[in-house]
Amino acid sequence: AHHKPLTVKWVFKVKKDEEGGLDKFKARLVVRGFEQQPGFDYDQTFASVAKVATWRILLTVAACLDWEIEQMDVSTAFLEGDLDEDVFIEMPEGLVEYFDQHPEDCPSDFSSEKICKLLKSLYGLKQAPRQWQMKLKKTLESLGFRQIISDMAVYKNPATGVIIITYVDDLLIMGNDKQVIQGYKARLGEIFTMTDLGPAKHFLGVRITRDRNARLIYLSQDAYFTRILKRFGLENCRPVKTPMERNSLSTLRPRDDGDSASPEEREDYSSKTGSL
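Going by this note's numbering, the first residue of the sequence shown is number 3, and it counts up by one from there.
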């Protein structure tokens, strides 16, 4: 059985830093995964991420025990996964033009009429998150780590006590020996293309602040909420203690049939509430 090669497209994105400022410009070749057929070019797709309760509890434990909390980011996580299926894609836009301009890079058997077989995973593939997770799991196990029973996205090394929290391409590494942690970071950096972010300051949009003398840790989403307010033009709104408008309970009533919300109002309401 066979079907047409999957189509691809270039996706351009401006990546922002934790404060909402410009970080870098990104360009990714993305597969249109909705064209895939189950059982043919993909099978399992589930990939777990660390539970919110888990990483919040572990951050609290690390603060109480005055552990080191380091952070790393995998630059192109989904490109690291190994594929179990044969996946074919069309020739990416711009590749022919590139080889015309740089013939020294062009393979001798290259033809614009050919299609491409993926040797590694690619963004957009339905199995990409799972294949990356399996690759990371295998790598961490080779370093002596084991998944904890309560959360399959968290790993612990029984010998050193170091714990690694994984959330797709974000890693939090914690333990009481900074030198041991640095050793693991160096080893991971040799295997994957990674960015060493140093002591954890932001994780999943949450600002992390520590008072190590008092063994306290503070988690805040102020930068996230500032971005949300700017998005909806509410950055200058007056803060209130509750979301309900004051002195409005007595005037609330069901909307009449002819007074229903417009599609635009429904979308705006859903966007605002969904951002919380």
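Even for Gly, the Cβ is constructed at its ideal location relative to N, Cα and C.
Is the CB-CB distance between residue i and residue j below 8 Å?
{"i": "Val33", "j": "Tyr100", "result": "no"}
{"i": "Leu236", "j": "Tyr186", "result": "no"}
{"i": "Asp153", "j": "Glu87", "result": "no"}
{"i": "Gln171", "j": "Phe205", "result": "Residue 171 is actually Asp in this sequence, not Gln. Contact: no."}
{"i": "Gly177", "j": "Trp12", "result": "no"}
{"i": "Gln135", "j": "Thr47", "result": "no"}
{"i": "Ala202", "j": "Leu221", "result": "no"}
{"i": "Val63", "j": "Leu31", "result": "no"}
{"i": "Ala225", "j": "Arg209", "result": "yes"}
{"i": "Tyr169", "j": "Ala49", "result": "no"}
{"i": "Gly163", "j": "Glu72", "result": "no"}
{"i": "Leu61", "j": "Ile219", "result": "yes"}
{"i": "Gly22", "j": "Arg229", "result": "yes"}
{"i": "Tyr157", "j": "Ile151", "result": "no"}
Taking residue i as the reference, give the member of the options with the closest Cα.
{"i": "Ser123", "options": "Phe14, Ser114, Glu82, Leu142", "result": "Glu82"}
{"i": "Asp84", "options": "Leu120, Glu95, Lys53", "result": "Leu120"}
{"i": "Leu231", "options": "Leu61, Ser77, Thr275", "result": "Thr275"}
{"i": "Asp43", "options": "Val51, Ile91, Glu21", "result": "Ile91"}
{"i": "Phe80", "options": "Leu60, Arg132, Glu143, Leu97", "result": "Arg132"}
{"i": "Met196", "options": "Ser273, Ser77, Ala29", "result": "Ser77"}
{"i": "Lys1", "options": "Ala29, Glu37, Glu21, Gly22", "result": "Residue 1 is absent from the model: the chain starts at 3 and stops at 278."}
{"i": "Asp179", "options": "Lys243, Arg212, Ala161, Gln103", "result": "Ala161"}
{"i": "Leu127", "options": "Leu278, Leu8, Ser264", "result": "Leu8"}
{"i": "Glu192", "options": "Thr211, Ala29, Met74", "result": "Met74"}
{"i": "Gln223", "options": "Glu269, Ser277, Gln149", "result": "Ser277"}
DSSP on residue i, reduced to helix/strand/coil?
{"i": "Arg240", "result": "coil"}
{"i": "Trp69", "result": "coil"}
{"i": "Val13", "result": "strand"}
{"i": "Thr275", "result": "helix"}
{"i": "Pro40", "result": "strand"}
{"i": "Val54", "result": "helix"}
{"i": "Ile150", "result": "strand"}
{"i": "Ala3", "result": "Only weak support exists for where Ala3 lies, its pLDDT of 48 falling under 50; the coordinates are left without a value."}
{"i": "Thr157", "result": "Per the sequence presented here, residue 157 reads as Tyr, with Thr not at that position. Note: Tyr157 maps to strand in three-state DSSP."}
{"i": "Lys180", "result": "helix"}
{"i": "Phe234", "result": "coil"}
{"i": "Ala64", "result": "helix"}
{"i": "Glu143", "result": "helix"}
{"i": "Lys131", "result": "As written in the sequence, residue 131 is Pro, which differs from the Lys given in the question. Pro131 falls in the helix class under three-state DSSP."}
{"i": "Pro109", "result": "coil"}
Quick check: what's the CA-CA separation for residue i versus residue j?
{"i": "Ala3", "j": "Lys116", "result": "Confidence at Ala3 is low in this model, with a pLDDT of 48, below 50, so the placement of that residue should be treated as unreliable; the coordinate-derived value is given next. Answer to the nearest angstrom: the Cα atoms are 19 Å apart."}
{"i": "Lys26", "j": "Asp19", "result": "9 Å"}
{"i": "Ala65", "j": "Ala155", "result": "21 Å"}
{"i": "Leu67", "j": "Arg217", "result": "7 Å"}
{"i": "Ser113", "j": "Asp107", "result": "13 Å"}
{"i": "Asp213", "j": "Gly96", "result": "51 Å"}
{"i": "Pro94", "j": "Ser110", "result": "18 Å"}
{"i": "Lys2", "j": "Val16", "result": "Outside the shown range of the chain, which is 3 to 278, sits residue 2, and nothing can be said about it."}
{"i": "Leu190", "j": "Arg58", "result": "24 Å"}
Opposite residue i in the DSSP bridges: which residues?
{"i": "Thr168", "result": "Leu173"}
{"i": "Ser222", "result": "Arg209"}
{"i": "Leu32", "result": "A quick correction: the sequence has Val, not Leu, at residue 32. Val32 pairs with Lys11."}
{"i": "Phe90", "result": "Lys119"}
{"i": "Met74", "result": "Leu173, Asp198"}
{"i": "Phe27", "result": "Val16"}
{"i": "His204", "result": "Arg209"}
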